[in-house]
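Numbering (the numbering used here), first residue to last: 1 to 110.
Cβ coordinates follow ideal geometry from the N, Cα and C atoms, glycine included.
Note sheet for the following structure.
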Amino acid sequence: MRRLALTLPFLAFLVPSAHAAQLDVTIDGVTDNVPVRVLLLDARANQNMHDHVRGAQTAQVSDHVARTRFLGLPAGEYDVVAYHPGSQALSEHHVQVGQDTASLKLSLGQ
């Protein structure tokens with residue numbers, strides 16, 4: 001019984017957190033069907049860029065709009081960077097993610 005009691009706290013790390021949130025990102029202003037790269041960065045100041053990056057995704061484009069979703073995020077502050085490979089189009093935004101779903105709309109100025 002004691003072994004089980006000692007093991008339970010470690011098993012909690014294997015179960016997804018009930019407090020994990022998601023961030024839905026929509027990017028408009030995409031002029032062609034080339035996918036858009038989206039980076040999710042921890043907004044806390046940090047010297048090590050590898051610790052700063054929380055996720056990177058490729059958002060597919062449909063009707064000049066790209067969409068992507070980041071799942072399992074702890075509540076906190078993030079920076080989102082979207083860029084269009086092969087062009088100078090870039091959009092950056094700071095977002096606060098709570099306990100549920102957060103949405104962010106960006107526009108690529110091309």
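{"query": "From which residue to which residue does the beta strand (DSSP E) around R37 run?", "result": "36-42"}
{"query": "With distance defined between alpha-carbon atoms, name the residue in V61, Q60, S87, A43 nearest to V53.", "result": "A43"}
{"query": "When the Cα atoms are used, what is the spatial distance from H93 to V81?", "result": "7 Å"}
{"query": "Return helix, strand or coil for D51, following the three-state DSSP convention.", "result": "helix"}
{"query": "Leaving out five residues before and five after A111 in sequence, what residues of the same chain have Cβ atoms less than 8 Å from its Cβ?", "result": "It is not possible to answer for residue 111, since the shown part of the chain is limited to 1 through 110."}
{"query": "Beta carbon of D79, beta carbon of L106: below 9 Å?", "result": "no"}
{"query": "Nearest CA to the CA of Q57: which residue from G98, A89, Q22, F70?", "result": "F70"}
{"query": "Please state if the CB of V61 and the CB of D32 are separated by a distance shorter than 9 Å.", "result": "yes"}
{"query": "Across which residues does DSSP place D28 in a beta bridge pair?", "result": "V65, S107"}
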